[in-house]
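For the sequence shown, the positions run 3 to 614 when my numbering is used. We put the CB at the ideal spot given by N, CA and C, even for glycine. Shown next, in structure tokens, is the structure this report addresses.
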Amino acid sequence: MADRTEGSSRRNGRHDVMGPNPGRGKPTYKAVGVAIEGHKRPLDRRAKLSWQPGRRRQGRRCRIDCPPFECSLQEAIVTQPSAEAMPRATPSSTTTTSVMIYGIAFVTGAIVMSFEMLGSRYLNPYFGSGIYTWASLISTVLMALTLGYFLGGWLADRTASLCVLAATVLIASVYMLVLPSFAAPLLELLLADIEDVRTGSLVASLAILLFPVTFFGMYSPFAIRLMLRSAQSSGTVSGTVYGVSTFGSIVGTLGTTFYLIPIIGTRAITLWLGAAGVVCGLILLAIGRADRKAGAAAAALVIALVLASIPASAQNTLIDESVRAEILKRKDGRLAHVESEYNDIYVTKRRNQLIMTFQLKGWDYTESIANLEDPDDLPLPYSQVMTSASLLYPTKIKRILMIGLGGGSISTYFGRAMPDVHIDTVELDQRVIDVAKQYFAVRETPRVRYIAADGRVFLNRSKDLYDLILLDAYRGGYVPFHLLTREFYTLAKNRLTPGGAIAFNIHDGTKLYHSTVKTLGEVFPTLDLYPSGVGEVIATLSADPKFDRDALASHAAALQQRYNFRFALPDVLKRRMPNPQGEARGGVTITDDFAPVNLYDTIDAAKPKRKK
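Written out as structure tokens, the structure reads:
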């Protein structure tokens with residue numbers, strides 16, 4: 003009876019323990035995951051607790067099923083779990099796991115901020131490098147980290163497993179490995195569909211950065227939850243994880259902008275970041291002691307995705323820099339001599355420059371020069387002027403036709419600077435195309451094509467319209483006459499889109515130069531000249547009314563902000579010669595019927611004085 007008055011009953015090992023406030027229906031004891039003091043066997047192995055509703059006046063009862071032994075109410079005290087009652091890992095394994103988790107927190111932090119810096123390199127060619135682009139990038143990263151923190155904490159409370167944490171890191175890393183294969187087409191699509199640069203830059207940022215940064219953002223709260231399974235202080239663990247991750251972010255920001263981008267480029271950095279994330283994910287899998295078969299399968303999947311991403315990203319590379327690196331190691335001198343039915347082609351290396359020349363009548367004529375150490379450089383001054391001046395006149399630039407390849411410098415410069423533009427390059431001599439690919443390492447892609455054909459024949463047969471047409475088709479100092487006549491210029495004009503423009507490279511100082519300027523002026527209402535200072539003059543032509551300097555300057559600034567050209571467009575305006583009527587003095591109109599271009603090219607003509 004004494005036992006019953008104390009609230010305990012002895013029924014073959016079953017004890018009913020009443021709460022202190024019977025009848026109020028509010029039990030004060032927690033029945034899940036508790037420890038019972040006074041029991042001779044561990045509760046988690048032999049005892050089973052559950053709350054059961056009793057009679058209305060008796061409130062709720064706690065039923066304890068355990069092996070038969072005697073205990074009283076005072077001995078059966080329900081308590082909260084203590085740190086000492088929780089399972090602990092061995093000291094060695096805890097230390098190793100902690101070090102690895104902290105180290106990977108550093109790496110993921112570095113990847114996130116490095117990827118944010120890379121985001122500007124992906125977006126700038128399409129949406130400019132202004133404040134809207136950076137605001138979109140920063141907002142997207144903050145949004146992704148916010149989602150990652152919430153999702154990481156929620157997931158960790160339900161499945162606190164190193165293997166699950168490894169999966170989040172691997173998912174984000176694999177995305178980065180395949181990103182270079184679809185980034186350009188995706189951004190081109192967004193650029194075509196979204197006119198407003200603010201909306202476009204934000205949508206593009208979300209499309210490129212949101213997914214991987216969200217998964218990387220899940221790491222810190224998940225790691226903290228795993229570390230708190232030991233008896234460490236929660237404040238120390240949380241502070242250390244976020245501190246190490248933030249330090250990694252600082253290293254990722256400075257390292258990427260100061261060193262990596264100038265050295266290896268955007269695509270290579272993206273692949274390296276993805277590979278680093280994959281290594282971290284596999285380390286977490288190993289620490290988590292996942293099933294070996296499952297781990298091997300995951301590793302095989304990651305390797306397959308890495309291999310699949312490499313050729314996919316390479317197809318958008320217009321220059322094979324590995325080939326140029328090998329040529330750079332070779333001794334200076336002549337590397338190749340190729341004869342064709344049109345040209346006598348020589349390839350020569352001189353320090354870091356690779357030179358293509360055509361030999362005619364004992365003279366070497368330089369056709370193209372490439373900087374083996376800098377794929378975006380244009381060593382020839384005329385090519386710098388031609389690429390800059392030609393872009394000022396089209397109202398839009400989506401399709402470019404280049405007549406004359408050489409080493410492919412101008413085509414690859416446009417292609418690398420403007421990833422949303424399609425470029426057709428027409429070259430008469432197939433062997434020139436072969437040499438450009440073999441030694442100058444230029445590559446074709448779905449948007450940059452090399453076509454073996456006569457430039458005029460191509461225009462006659464093609465029904466495509468172009469926003470910009472460039473002519474640089476010299477063969478040993480001469481241009482085929484049928485590319486210099488009034489009929490050809492009219493044909494080229496008819497292949498322009500509304501608002502399109504044409505740019506020609508002309509040699510200065512001969513009667514042919516003045517005759518060319520005169521003929522061009524008869525076909526195009528707008529004719530401006532841009533002297534290169536070394537013998538070539540770039541003629542820019544448009545069917546639209548004449549452009550004033552302010553309009554050209556505004557257009558140049560907008561394009562420069564959008565594409566960030568190596569050779570700034572506004573600088574070329576200092577060379578502009580508008581309405582060069584004096585340059586046509588002494589020239590004659592060149593037609594298909596009358597085209598003594600070879601003779602005129604040998605006749606020196608007095609040049610009018612030009613304003614400096």
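Within 10 angstroms of its Cβ, does Pro2 collect 16 or more other Cβ (buried), or is it exposed? Absent from the structure is residue 2, since the part of the chain shown begins at 3 and ends at 614.
N-terminal and C-terminal residue of the beta strand (DSSP E) that Asp159 is part of: Element bounds for Asp159: not the beta strand (DSSP E) but the alpha helix (DSSP H), 133-160.
Report the option in Asp595, Ser240, Gly589 whose CA atom is closest to the CA atom of Asp603. Cα-wise, what sits closest to Asp603 is Gly589.
Out of curiosity, what's the CA-to-CA distance linking Ser163 and Leu179? Answer to the nearest angstrom: the Cα atoms are 25 Å apart.
Given this structure, state the Cα-to-Cα distance separating Ala206 from Gly502, to the nearest angstrom. Going from the Cα of Ala206 to the Cα of Gly502 covers about 28 Å.
Which residue wins for smallest C-alpha separation from Asp530, given the options Thr487, Thr389, Ser544? Asp530 has its Cα closest to that of Ser544, out of Thr487, Thr389, Ser544.
Here's the rule: buried if 16 or more other CB atoms are within 10 angstroms of the residue's CB, otherwise exposed. What is Leu193? The residue is buried, with at least 16 neighbouring Cβ atoms inside 10 Å.
How about Gly254 and Val114: do their beta carbons lie closer than 8 Å? Yes, these two residues count as a Cβ contact at 8 Å.
Report buried or exposed for Asp195, applying the criterion of at least 16 other Cβ atoms within 10 angstroms of its Cβ. Burial check for Asp195: the Cβ neighbour count within 10 Å stays below 16, so the residue is exposed.
In the DSSP assignment, find the alpha helix (DSSP H) that holds Ser534 and state where it starts and stops. Membership of Ser534 in any alpha helix (DSSP H) is not indicated, and neither H nor E is assigned to it by DSSP.
Could you check which residue in Asn462, Pro527, Asp573, Ile173 has the C-alpha nearest to that of Gly276? Cα-wise, what sits closest to Gly276 is Ile173.
Measuring only the C-alpha atoms, how far is Pro377 from Arg160? Using only the alpha carbons, I get a separation of about 51 Å.
Spatial neighbours of Asn126 in its chain, beta-carbon cut-off 7 Å, leaving aside the 5 residues before and after: Close CB contacts of Asn126 within its chain, under the 7 Å cut and outside five residues either way in sequence, are with Thr135, Asn566 (chain order).
Check the C-beta distance from Pro214 over to Phe117 and give it rounded, since I have them as a contact under 8 Å. The pair is a contact, with the Cβ atoms about 7 Å apart (cut-off 8 Å).
At a cut of 8 Å, does the region 411-419 reach the region 508-527 through at least three beta carbon pairs? No, the region 411-419 is not in contact with the region 508-527.
If you draw a straight line from the C-alpha of Arg123 to the C-alpha of Ala455, how long is it? Answer to the nearest angstrom: the Cα atoms are 35 Å apart.
Do Ala505 and Ala391 have their C-beta atoms closer together than 8 Å? Their beta carbons are under 8 Å apart, which means Ala505 touches Ala391 by this criterion.
Helix, strand or coil: which one does DSSP assign to Asp379? In this structure, Asp379 counts as coil in the three-state DSSP scheme.
Whose C-beta lies closer than 6 Å to the C-beta of Leu403 among residues of the same chain, with five residues either side of it excluded? Within the same chain, Asp426, Tyr468, Ile471 come within 6 Å of Leu403 by CB-CB distance, once the 5 residues on both sides are set aside.
Inside the region 230-273 only - alpha helix (DSSP H) runs reaching at least 4 residues: Counting whole runs of 4 or more residues, the region 230-273 contains the alpha helix (DSSP H) stretches 236-257, 263-266.
How far does the beta strand (DSSP E) with Gly502 in it extend, from its first residue to its last? Residues 498-509.
If you compare alpha carbons, which of Ser247, Gly121, Glu369 is closest to Phe108? Selected option, being the one with the closest Cα: Ser247.
Would DSSP call Val199 helix, strand or coil? Secondary structure at Val199: helix, using DSSP grouped into helix, strand and coil.
Reference Leu430, options Leu382, Leu380, Pro482, closest by Cα: Checked all of Leu382, Leu380, Pro482; the closest Cα to Leu430 is Pro482.
Take the Cβ of Pro44 as the centre, count every other Cβ of all protein chains shown within 10 Å, and call the residue buried at 16 or more, exposed below. Here the model assigns Pro44 a pLDDT of 44, short of 50, so the residue's position is not dependable, and the following value carries that caveat. Per the 10 Å Cβ criterion, exposed.
Contact check, Ile347 vs Arg433 under 8 Å by CB: the rounded distance? Confirmed, Cβ separation roughly 6 Å.
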